[in-house]
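Student: Take this structure, written in structure tokens, and hold onto it; I'll ask about it next.
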Amino acid sequence: MSKQSEQILEQQLIAQLQKLGYEFTVINSEKDLLRNLKSQLEKHNSITFSPTEFDKVLNILSKGTVFEKSKILREKQHIVRDNGDNLYFEFLNTEYWCRNQYQVTNQITQEGKYKNRYDVTLLINGMPLVQIELKRSGLELKEAFNQINRYQRHSFGSGNALFQYVQIFVVSNGRNTKYYANNRNQSFKQTFFWTDRENNRETNILNGFTDSFLEKCHLSKMICKYIVLNEAQKIPMVLRPYQYYAVEAIIDRVKNSTKNGYIWHTTGSGKTLTSFKTSQVIMKLPEVHKVVFVVDRKDLDYQTTKEFNSFSEGCIDGTDNTKNLVQQFTGTYKDKKGVSKNSKLIVTTIQKLNTAITKLKYEAKMADLKDKKIVFIFDECHRSQFGDTHKRIKEFFSNNQMFGFTGTPILKENANKSEAIARTTKDLFDECLHKYVITDAIKDENVLKFSVEYVGRYKKKNSATEIDIEVEDIDTKELMEDEKRLEKISDYIIANHSRKTHNKEFTAMFCINSVPTLIKYYDILKRKKEAGEHNLKIATIFSYGANEPDQDANGFINFEEDFDSFDLNIVAEDSPQYKKSKHTREKLDEYIEDYNQLFDVKYSTKDSQDFYNYYNDISKKVKERKIDILLVVNMFLTGFDSKTLNTLYVDKNLQHHGLIQAYSRTNRILNEQKSQGNIVVFRNLKNRTDEAITLFSNKEAIEVIVMQPYEEYATKFDEAFEQLKLYAPTVDSVNHLLTEEDELNFIKAFRDLMRIKNILSAFSDFNWEGLQMSEQEFEDYKSKYLDLYDKVKSNNQKEKVSILEDVDFELELIHRDEINVTYIIQLLIKLKANTQKDTSKAEKEIFNLLNTETTLRSKRELIERFIEENLPIIKDSNEVIPEFDKYWNKEQQNAFDKLVEEEKLSSEKTEKLIEDYLFAEKIPLRDEVLELLEGEKPSLLQRKKLGDRILSRITDFVETFINGMAGN
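All residue numbers for the sequence shown refer to our numbering, where the first residue is 334 and numbers rise by one.
What follows is the structure, given as structure tokens:
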């Protein structure tokens, strides 16, 4: 019998690793693993452990979560020897990372909930730190990813749980290979391809990836230096290749030259993590006195401090004012508790930095720093450094070195021509040290494409985007701001918002050319809401200084909203500026009061801190999807990241980097349902969009960055339908699929269809009539697809592993928030009210929804029984709701009583655990579930199986009787 291709791939990989200097060792069981660990640690530390001393080592290793184990791995260790002496040793040499012991093994067997065998394991000093899972060519990488998730659930934590020390996972089918950190909560979206310095992928595990990524010294460097332990989320994070190359390039400059430089990494590519790791490494260099991370807005000062401290708790204190900043520079700073802090890392705004080096009162204190080696790292260096401040910093600190990060650098083409000297990013920071542009990020699936729709009077006819509004800015200002035009745009947004945001699963921003126009839009949308034309939650924020011209006409986003320099106290005297801004301030206070009423909070513009708190609260609520549309002029169009925001409405003349920055608010990766960033433009920005994309990548990039027209995806959908029919010619034929392989082919074909439909449905032109597949056919196939999902879910308790178990069904593509039990009850009321008419169509719709909606399938049997047994005897449609509630409560109580009786649980404790589960939205731990048992407690061998069974029944109970009952 010939070997499986996976086995051949495994053998070839091991042979290649041996050529790289890994020693092959045979390890079949945990007993072998422990024996090998002891000998490798002894070799690495040049010591010998007695059996009792090694037990103490294992006791250290057994402690903590996966995150805590990552810390233990990197820390120096201590035990007391049998003779009473102190012994200090290490699990990993993190400072000189090449000086470790390297081995490779395969097919280690671990037995936990099930028996699992792992493909290829890389051992460093005997510790399993890299796990490689292989699939045969043609299979999806996601299956290997899901398989590792299964190992994490079933066996990594068994025995001495040494596999919880894995730092990096690698998944490969030979041709494609990705890596990722050991974080169970991440999705497949957080897996990465490795590349060379020019962003060319090295995906073949035998031809490129192993030699470059798995080479001993490089792999050790990634583990020791380029995994960040995120304290806030308690997860390890590994850098992506472009982040690695950027940090390495800056470190090389600091160590070996006095030159400056900048990093061009596209918006949304994780510049904060890159800049943190850069700062962290540089501050450890003995020749560097301080590292100063400079932002240009107070909110970014706070946000960056918070994010940096999340990566490394307490690594910096924010500079509340210039006095604090000077104290941090001079090493005399004390925190609010009076504790002295002298960190080498400072985060501050450019405004405070400017004050510190120009004000006479700070001159004496700052004088000693002039010749010290200070490294400055500028966030978003395409912005505030274009002024005298940049020059002042260079003049004050004679031994400075400056590095900038930007997603949209200032080039000759988009430099501010109104300045005496048009300065580019290269003029200020010297050469670009590493480049990762938007086309690279889209190719790597680190950001999404843009779906740009131009709405208005265009040549294209017979389209839903054809509405009678002016789109050209050559028309008079009065015409573009005409109430009728704004009314039509508002109506268009109301009509299409649900489609764009997948029934408000995501949120939107609306960027508008000026504050006066924003006020008109807000008032129109508010009036329409009061008239019952929509139920969208609208909010806004803007500055209320004297009226400014449209700053973005030249491509520069206006940052007068900086909270350090923005004068929020101009009302103190009756100045001409106050008279000009009085109207906008009054309107803003009116809108803030609307916000206060909506969310039961108290904000105003009475002082800068209160307004700043309002800003932060809006930011939080947009991310939490509590605001449907945020109206802005300039705020939030840059530096604001929200994965739940997927749509930008545009009535503003964006250009160059201002356009890319604004569009990029929508393209953060989240899940399968968020397939693109939607841009809906009410002005003729087609040429400007093409120009901006060309400027920041190349002309050919337009097709990569902007999604194809609706017709292209309609054709792809029809082709996917034809492919589906090859495996299942009819809906009923799904019932007769003979093997799991046949079922797998159907699942993948229908999933491809769903992905394209998810994209199609966001287009305003979407209509089933133009497609080869009818809506009813889609729903019928979807029902069969969900039947297979239910089958896999119900079989996952069995020991035999199904090939379907690791397939991702991507149910988020099906989920629709508005279809829930409340919706079904409304249909039942209509059904009861139409007693004189043919109700078969309505009944069919209800039963179809029960089959195809994921939130309703667990409730299907109960609702069908109510329809068949209770509905016929209800005489009045007004009685449907109370009768259903009575029926549901009775069934819920019966199910609860049955659960606690059969599993011998405390009724009171079980009820409280379910309440806590619903409140915290966190699945209970097995130990918490076992606390519910009354009478004799299970043995250690029984605990896992019994706990998992009870937990499964509790979660099923919640899913059936509680989740999806009320409207969102």
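The C-beta atom is built at its ideal place from N, Cα and C for all residues, glycine as well.
1. Is the CB-CB distance between N732 and D704 below 8 Å?
2. Tell me which residue opens and which closes the beta strand (DSSP E) that E1212 is part of.
3. Could you check what DSSP says for S1240 in three-state terms: helix, strand or coil?
4. Is the segment 693-709 touching the segment 934-952 in the sense that three or more CB pairs, one from each, lie closer than 8 Å?
5. N1265 to E1241, Cα distance in whole Å?
6. Mind checking whether N516 and I556 have CB atoms under 8 Å apart?
7. Would you call the segment 538-553 and the segment 428-448 in contact, with 3 or more CB pairs under 8 Å?
8. Can you tell me which of the three DSSP states W527 falls into?
9. Give the DSSP bridge partners of A514, in chain order.
10. Please confirm whether K1019 and N846 have their CB atoms less than 8 Å apart.
11. Cβ of Q576 less than 8 Å from any chain B Cβ?
12. Does the contact criterion of 3 or more C-beta pairs under 8 Å hold for the segment 398-408 versus the segment 528-535?
13. So is W597 buried or exposed if we call it buried at 16+ other beta carbons inside 10 Å?
14. Is it the case that the Cβ atoms of D1113 and V1064 are separated by a distance below 8 Å?
15. Identify, in the order they occur along the chain, each residue of the same chain with its Cβ nearer than 7 Å to the Cβ of S383, setting aside the five sequence neighbours on each side.
16. If you check the beta carbons only, do R450 and Q440 fall under 8 Å apart?
17. What number of angstroms, rounded off, separates the C-alpha of N1296 from the C-alpha of A828?
18. Can you give me the start and stop residues for the alpha helix (DSSP H) that S823 sits inside?
19. Please determine if the segment 586-595 and the segment 735-751 are in contact, where contact requires at least 3 C-beta pairs separated by less than 8 Å.
20. Nearest by alpha-carbon distance to D629: which of V1262, T665, Q684, G601 is it?
21. So, under 8 Å CB-CB, S545 and D712 are touching, yes? Tell me the CB distance rounded to an integer number of Å.
22. Would you decide whether L1302 is buried or exposed? Buried here means 16 or more other CB atoms lie within 10 Å of its CB.
23. Grouping DSSP H, G and I as helix and E and B as strand, with all else coil, what is H622?
24. Cutting at 6 Å between CB atoms, please list the residues of its own chain near H767, excluding the five before and the five after it.
25. Straight-line CA distance for V780 to I962?
26. So, under 8 Å CB-CB, R1193 and L1183 are touching, yes? Tell me the CB distance rounded to an integer number of Å.
27. Would you kindly report the start and end of the unbroken beta strand (DSSP E) that includes E310?
28. For the segment 971-989 against the segment 940-950, are there 3 or more C-beta pairs whose distance is under 8 Å?
29. Going by beta carbon distance, what residues of the same chain come within less than 8 Å of F1099, once the five residues before and after it are set aside?
30. Does DSSP put S553 in a helix, in a strand, or in coil?
31. Kindly list the residues whose CB is nearer than 7 Å to the CB of N419, restricted to its own chain and excluding five residues on each side of it in sequence; keep chain order.
32. Using DSSP with H/G/I as helix, E/B as strand and the rest coil, what is L812?
33. So D1051 and L1104 are supposed to be a Cβ contact under 8 Å. How far apart are they, rounded?
34. Taking the DSSP output, what are the residues bridged to F424?
35. Specify the secondary structure class of Y877 as computed by DSSP and reduced to three states.
36. Please determine, among W527, T543, K364, the residue with the shortest C-alpha to C-alpha distance to E343.
Tutor: Result, derived from the coordinates:
1. Position 399 of the sequence shown, counted from the start, is the residue given in the question as residue 732. Position 371 of the sequence shown, counted from the start, is the residue given in the question as residue 704. Cβ atoms of N732 and D704: closer than 8 Å.
2. For this step, residue 1212 is matched to residue 879 along the sequence shown. Taken as a continuous stretch (DSSP letters only), E1212 belongs to no beta strand (DSSP E), as it is neither H nor E.
3. Locating residue 1240 in the sequence shown gives position 907, counting from the first residue. Helix, per DSSP.
4. no
5. As a working mapping, residue 1265 is identified with position 932 in the sequence shown. As a working mapping, residue 1241 is identified with position 908 in the sequence shown. The sequence given here has Leu at residue 1265, not Asn. Those two C-alpha atoms are separated by around 9 Å.
6. Translated into positions along the sequence shown, residue 516 becomes position 183. Translated into positions along the sequence shown, residue 556 becomes position 223. Cβ distance not < 8 Å, so N516 and I556 don't count as in contact.
7. yes
8. Reading the sequence shown from its first residue, position 194 is the one you call residue 527. Here W527 sits in coil by DSSP.
9. Mapped onto the sequence shown, residue 514 falls at position 181. Paired residues: I501.
10. On the sequence shown, residue 1019 is found 686 positions in, with the first residue counted as 1. On the sequence shown, residue 846 is found 513 positions in, with the first residue counted as 1. Against a cut-off of 8 Å, the Cβ pair of N846 and K1019 comes out as no contact.
11. Among the protein chains of the structure shown there is no chain B, as only one such chain exists.
12. no
13. As a first step, residue 597 must be located in the sequence shown, where it is residue number 264. Buried, since its Cβ has 16 or more Cβ neighbours within 10 Å.
14. Within the sequence shown, residue 1113 is the residue found at index 780, counting from 1. Within the sequence shown, residue 1064 is the residue found at index 731, counting from 1. Taking 8 Å as the Cβ cut-off, D1113 and V1064 qualify as a contacting pair.
15. Numbered from its first residue, the sequence shown carries residue 383 at position 50. Closer than 7 Å at the Cβ level, and outside the excluded window around S383, lie D415.
16. By one-based count along the sequence shown, residue 450 stands at place 117. By one-based count along the sequence shown, residue 440 stands at place 107. For R450 and Q440, yes; Cβs fall inside 8 Å.
17. As a position in the sequence shown, residue 1296 is number 963, starting the count at 1. As a position in the sequence shown, residue 828 is number 495, starting the count at 1. Distance between the alpha carbons of N1296 and A828: 29 Å.
18. As a first step, residue 823 is located in the sequence shown; it is residue number 490 there, counting from the start. S823 -> alpha helix (DSSP H) spans 816-833.
19. yes
20. The sequence position of residue 629 within the sequence shown is 296, counting from 1. Cα-wise, what sits closest to D629 is Q684.
21. Stepping through the sequence shown from its first residue, residue 545 is reached at position 212. Stepping through the sequence shown from its first residue, residue 712 is reached at position 379. In fact, because the Cβ distance is near 30 Å, the residues do not count as touching under 8 Å.
22. Outside the shown range of the chain, which is 334 to 1301, sits residue 1302, and nothing can be said about it.
23. For this step, residue 622 is matched to residue 289 along the sequence shown. DSSP places H622 in coil when its eight states are reduced to three.
24. Reading the sequence shown from its first residue, position 434 is the one you call residue 767. Here the set comprises Y578, A579, A582, I596.
25. Mapped onto the sequence shown, residue 780 falls at position 447. Mapped onto the sequence shown, residue 962 falls at position 629. Those two C-alpha atoms are separated by around 22 Å.
26. Your numbering for residue 1193 matches position 860 in the sequence shown. Your numbering for residue 1183 matches position 850 in the sequence shown. About 4 Å separates the two Cβ atoms, so the contact holds.
27. Residue 310 lies beyond the residue range present for the chain, which begins at 334 and ends at 1301; the question has no answer from this structure.
28. no
29. Counting from one through the sequence shown, the residue named residue 1099 turns up at place 766. If we look at F1099 and ignore the five residues flanking it on each side, its Cβ neighbours are R832, Y1043, L1093.
30. Counted from its first residue, the sequence shown places residue 553 at position 220. Three-state result, S553: helix.
31. The residue given as residue 419 occupies position 86 in the sequence shown. Excluding residues within five positions, the ones whose Cβ falls inside 7 Å are H411, V413.
32. If you number the sequence shown from 1, residue 812 lands on position 479. Three-state result, L812: helix.
33. Taking the first residue of the sequence shown as 1, we reach residue 1051 at position 718. Taking the first residue of the sequence shown as 1, we reach residue 1104 at position 771. Correct: roughly 6 Å between the Cβ atoms.
34. Working through the sequence shown from its first residue, we reach residue 424 at position 91. Answer by DSSP bridge pairing: none, since F424 is not bridged.
35. The residue given as residue 877 occupies position 544 in the sequence shown. If DSSP states are grouped into helix, strand and coil, Y877 belongs with coil.
36. Counted from its first residue, the sequence shown places residue 343 at position 10. It is T543 whose Cα lies nearest to the Cα of E343.
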